[in-house]
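Chains as they are written, first to last, in the working numbering: chain A, 18 to 369; chain B, 18 to 369. Some notes on the structure that comes next.
Number of protein chains: 2
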Amino acid sequence: MLKRGAKIGIIGGGQLGRMLALAAYNLGFKTEIFEPQNNCPASLVSNTHICADYDDINSLTEFAQNCDIVTFEFENIPIKAARIIEENANLYPNSKSLELTQDRLVEKNFIKTCNLECAPFFEINSLEDLQSAITKAGTPCILKTRRMGYDGKGQFVIKTPDDAQKAWDEIGQNPAIIEGFVKFDFETSIILTRAIDGQIVFYPNSQNIHENGILRTCIVPAPLNEKQIAKAQEIGAKIANELNYVGTLAVELFVGDEIVVNEIAPRVHNSGHWTIEGTATSQFINHIRAICGLPLGNTEICAPKIEMQNLLGDEILSIPELLKSPNTYPHDYGKNEIKAGRKMGHVTRLIK
Amino acid sequence: MLKRGAKIGIIGGGQLGRMLALAAYNLGFKTEIFEPQNNCPASLVSNTHICADYDDINSLTEFAQNCDIVTFEFENIPIKAARIIEENANLYPNSKSLELTQDRLVEKNFIKTCNLECAPFFEINSLEDLQSAITKAGTPCILKTRRMGYDGKGQFVIKTPDDAQKAWDEIGQNPAIIEGFVKFDFETSIILTRAIDGQIVFYPNSQNIHENGILRTCIVPAPLNEKQIAKAQEIGAKIANELNYVGTLAVELFVGDEIVVNEIAPRVHNSGHWTIEGTATSQFINHIRAICGLPLGNTEICAPKIEMQNLLGDEILSIPELLKSPNTYPHDYGKNEIKAGRKMGHVTRLIK
């Protein structure tokens, strides 16, 4: 259990790191960010910021030695960097969680070893692989780079076999997978926090609505029946236990006749931002409590219906207007540059 | 209305400043603290900290010029310093609120000009004044320094006229007042936020229980009937309007056959910490919204019953134990040194 005033290191300086740092302050902890970019959302609130690259071994070592514990807010940390951190500090979740989720092919294979359902998938290393996979998967199907994709980037929806060359070029001919199309009614996620001793708390599920590959809206509760909720929790627990996971974990799911795993995020997740005002203990606070060896908080919902919307691009300028409505909680991540489609903030509404 | 990413200056670096800074970060603002002490609760979370004394004109000027707006978290700022700030930035609340509340005699006279009830009081400049006042006020009565007292410091309860010399020496023979004893059933406070345009929102009242002059426990709701609540709100509004106040204001009240004003605090207040988890918009967030020219948030209560307890001295070490209970929200202010009776944190429980 971490002592009073301990320093929590967070790898990655985006809004997830920012909200983790703010959660850490409630309990009197200090925060240090490791992030190559300056003036990022998290470093705008953290005590200190090591502004260095992920191949800077000295800085990584210094960071890990400065901190009493280390966590991360994004999964595309080079494994070599994560291992250097682990040599010098406790890293929660561990580097195995990163290894198994930062490569889509490795992730899909891991899901299969857990005896869970995911989209049919094929390994793609060449145009020939791609053409063959399209035949097996059928169309439409999705070409995704194995590494570094997020928020719809590094993906190409293939509508006919003629799209193959264009798709292959579009993703830079990088190692990839083809995912077969999964028929579903809606998308949800299972968010949970797992403690060092293995205890798990689950969050209520949200219905997650995407546009152009980016999460747009969450509606809580999701239209799941009890059996489906139990299944979603079973999936989350299975993955968390297999990883010996510590902290908050999110698994994105397709809901149709079956519940099918889409992606695993070994971190706090956009589809859980509503938990800040919407549940008894947010995903961020429980993540901090878990990695610090403190008891987990309960996760009951605070209103019968809750909505979260991302504020993209210049939607961030609508905050003064949003604040006119009751039970409305806009968040601004402090990003200087407004770009179309960029996640600038979010707003949660409790409908009481 | 303050622009995105603006910098809010907070004079004073204690836990109230810390919680104001954390509130400011939700909306993407930056924070700078002006505080003579280093490593204080607020500077442990703020972006920057000007560590200088209140007579350091250059530092005060630099601070005010750095910030887009300035507020404060404690009222004993030398008026000269407040005026220097006001020459260089918008100060909310204004320096008049400081002037009228940092001297107990001035404050009592102000309360009378508002046609409000307060304890009978007498100006004390000498032992002779004191002896005469004790005769008029009766015993018990309380000797309080006019300036710089808080949390029971700079006070002496006079039980018999023989206490006069000891009391006078105990408070360092400083300019003082005698307050006559007020018979009351319990103590409460009225906390409100007033916007730049004069709109006011009120918070539910807490019953405030003190020990040794320090607030120990708040119980919400306070056992006030509707008429008493209306009276308390009338008192708060009267004072806020007279001061043309902007921000969160707290007025401590004695509740008996009448409601009598005890003290005015031109700032967020210990008896309002429970509002963080206990109402729709905390006293801290509404203070930030008010001074930034943003709409005020609603203040409905989130549970039928709420308790707040201060964590004094080594009680702060009980946080891991407290976290085992549901709907329990401990806060640690990050103060390094544990001293008996020192406000180290607080814990709020929502009883659902």
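Positions of the beta carbon are idealized from the N, C-alpha and C atoms, including for glycine. Every value quoted in this text rests on a predicted model; they were computed, and no experiment measured them.
C-beta contact flag for LYS176 (chain A) and THR156 (chain A) at 9 Å: Yes.
Proximity test, Cβ basis, 9 Å: CYS319 (chain A) and chain B: Output row for CYS319 (chain A): interface = yes.
Residue nearest to ALA99 (chain B) in terms of C-alpha spacing, selected from B:LEU133, B:PHE51, B:ILE336: Taking ALA99 (chain B) as reference, the option from B:LEU133, B:PHE51, B:ILE336 with the minimal CA-CA separation is B:PHE51.
Rounded distance between the beta-carbons of ALA267 (chain B) and SER206 (chain B), thought under 8 Å: With a contact defined as Cβ atoms closer than 8 Å, SER206 (chain B) and ALA267 (chain B) qualify at about 5 Å.
Chain B contact residues for HIS348 (chain A), given Cβ-Cβ distances below 7 Å: Using a Cβ-Cβ cut-off of 7 Å, HIS348 (chain A) is close to ASN43 of chain B, given in chain order.
C-alpha distance - ALA254 (chain A) paired with VAL278 (chain A), whole-angstrom precision: Approximately 13 Å between the Cα atoms of the pair.
Assigned exposure category for SER335 (chain B) - 16 Cβ within 10 Å defines buried: By the Cβ neighbour-count rule, SER335 (chain B) is exposed, with fewer than 16 other Cβ atoms within 10 Å of its own.
Neighbour flag for ASN83 (chain A) against chain B, beta carbons, 9 Å: Taking CB atoms only, ASN83 (chain A) has no neighbour in chain B less than 9 Å away.
Within chain A, partners of VAL237 (chain B) - CB distance below 7 Å: Taking a Cβ-Cβ threshold of 7 Å, none of the residues of chain A is close to VAL237 (chain B); the smallest such distance is about 17 Å.
First and last residue of the uninterrupted beta strand (DSSP E) at THR365 (chain B): Residues 360 to 368.
Close beta carbons around GLY45 (chain B), own chain, < 8 Å, minus the five adjacent residues each side: Short of 8 Å from the beta carbon of GLY45 (chain B), and not among the five residues preceding or following it, lie these beta carbons of its own chain, in chain order: ARG21, GLY22.
Closest residue to ASN315 (chain B) among B:ASN225, B:ASP180, B:VAL218, B:ILE236 (Cα-Cα distance): Looking only at B:ASN225, B:ASP180, B:VAL218, B:ILE236, the smallest Cα-Cα distance to ASN315 (chain B) is reached by B:VAL218.
Alpha-carbon to alpha-carbon, LEU340 (chain B) and VAL263 (chain A): For VAL263 (chain A) and LEU340 (chain B), the distance between alpha carbons rounds to 18 Å.
Per-residue contacts from LEU33 (chain B) into chain A (C-beta, under 7 Å): Listed by position along chain A, the residues whose Cβ is nearer than 7 Å to that of LEU33 (chain B) form an empty set, because the closest Cβ is around 14 Å away.
Counterpart residues of ALA267 (chain B) in DSSP-defined beta bridges: Beta bridge pairing from DSSP links ALA267 (chain B) with B:ILE208, B:ALA282.
Sheet register partners of MET325 (chain A) (DSSP bridge): For MET325 (chain A), the pairing in a beta bridge is given by DSSP as A:CYS235, A:THR365.
Proximity below 9 Å, CB of ILE226 (chain A) to CB of PHE203 (chain A): Between ILE226 (chain A) and PHE203 (chain A), the CB-CB gap stays under 9 Å.
Alpha carbon of GLY351 (chain B) to alpha carbon of MET361 (chain B), nearest angstrom: Near 7 Å, if we compare the C-alpha coordinates of MET361 (chain B) and GLY351 (chain B).
Straight-line Cα distance separating ILE293 (chain B) from SER299 (chain B): ILE293 (chain B) has its alpha-carbon roughly 5 Å from the corresponding atom of SER299 (chain B).
Beta carbon proximity, GLY230 (chain A) to chain B, threshold 9 Å: So, not an interface residue.
Minimum C-alpha distance to PHE301 (chain B) - residue among B:LEU311, B:VAL285, B:ILE323, B:LEU232: Restricting attention to B:LEU311, B:VAL285, B:ILE323, B:LEU232, the CA atom closest to the CA of PHE301 (chain B) is found in B:VAL285.
GLN54 (chain B), buried or exposed, once every other Cβ within 10 Å from all chains shown has been counted against 16: Flag for GLN54 (chain B) reads exposed.
Under 9 Å between C-beta atoms of LYS322 (chain A) and PRO238 (chain A): Yes, the Cβ-Cβ distance between LYS322 (chain A) and PRO238 (chain A) is below 9 Å.
Ordered list of beta strand (DSSP E) runs contained in the stretch 326 to 359 of chain B, each at least 3 residues: Segments of the beta strand (DSSP E) lying fully in the stretch 326 to 359 of chain B: 345 to 349.
Through-space distance from LYS125 (chain B) to ASP146 (chain B), alpha-carbon basis: When the Cα atoms are used, ASP146 (chain B) and LYS125 (chain B) turn out to be separated by approximately 17 Å.
Interface flag, PHE297 (chain A) vs chain B, CB-CB below 9 Å: Before going on, a small fix: residue 297 (chain A) reads as Ala here, not Phe. By this cut-off, ALA297 (chain A) is an interface position.
Among B:VAL364, B:ILE305, B:THR345, B:THR130, nearest to ASN327 (chain B) - alpha-carbon criterion: The residue with the shortest Cα to Cα distance from ASN327 (chain B) is B:VAL364.
Range covered by the beta strand (DSSP E) that runs through PHE225 (chain A): Note on identity: in this sequence residue 225 (chain A) is Asn, with Phe being the wrong assignment. Per DSSP, the continuous beta strand (DSSP E) segment holding ASN225 (chain A) begins and ends at 224 to 228.
Within chain A, partners of ASN344 (chain B) - CB distance below 7 Å: Chain A residues near ASN344 (chain B): ALA297, ASN315.
Nearest-angstrom beta carbon gap, HIS348 (chain B) and LEU37 (chain B) [assumed within contact, 8 Å]: Their Cβ separation, rounded to whole angstroms, is 13 Å, which puts LEU37 (chain B) and HIS348 (chain B) out of contact at 8 Å.
Extent of the continuous beta strand (DSSP E) to which ILE217 (chain B) belongs: Boundaries of the beta strand (DSSP E) around ILE217 (chain B): 217 to 219.
Near-chain A residues of the stretch 325 to 342 of chain B (beta-carbon distance less than 8 Å), N- to C-terminal order: With the criterion set as a beta carbon lying under 8 Å from some beta carbon of chain A, the members of the stretch 325 to 342 of chain B are ILE333, LEU334, ILE336, PRO337, LEU340, LYS341, in sequence order.
Best match in A:THR265, A:GLN32, A:GLN190, A:VAL87 for proximity to LYS24 (chain A) [C-alpha to C-alpha]: For LYS24 (chain A), the nearest C-alpha among the options comes from A:VAL87.
For ASP72 (chain B) and GLU259 (chain B), the rounded distance between their alpha carbons: GLU259 (chain B) and ASP72 (chain B): Cα-Cα distance of roughly 29 Å.
Neighbourhood of PHE91 (chain B) by C-beta, 6 Å cutoff - its chain only, sequence neighbours within 5 removed: So the qualifying residues of the chain are GLY29.
Minimum Cβ-Cβ distance from MET165 (chain A) to chain B less than 9 Å: With 9 Å as the cut-off, MET165 (chain A) does not count as an interface residue toward chain B.
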